[in-house]
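Numbering (full-length UniProt numbering), first residue to last: 1 to 66. For glycine and all other residues, C-beta sits at the position ideal for the given N, C-alpha and C.
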């Protein structure tokens, strides 16, 4: 897997480490990133069918009004 180096505010990283209970700055930030991505996938799963139905309704041609 490719690696990326990102500069972050030390206070921010320490806060993440304390909240997550993780001793390594890299592991703490990685855990937050993985959680954020997983939460996004769960949200997509819950709302995906609704969004898909709305897109199908919007895609259908509408009859002229008036």
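- In the structure shown, the three-state DSSP call for residue 19 is helix.
- Around the C-beta of residue 28, 16 or more other C-beta atoms lie within 10 Å, and the residue is accordingly described as buried.
- Under the three-state reduction of DSSP, residue 33 is assigned to helix.
- Shown here for residue 25: same chain residues with a beta carbon closer than 7 Å to its own, the five before and five after excluded, namely 13 and 17 in chain order.
- Here residue 44 carries a helix assignment [DSSP, helix/strand/coil].
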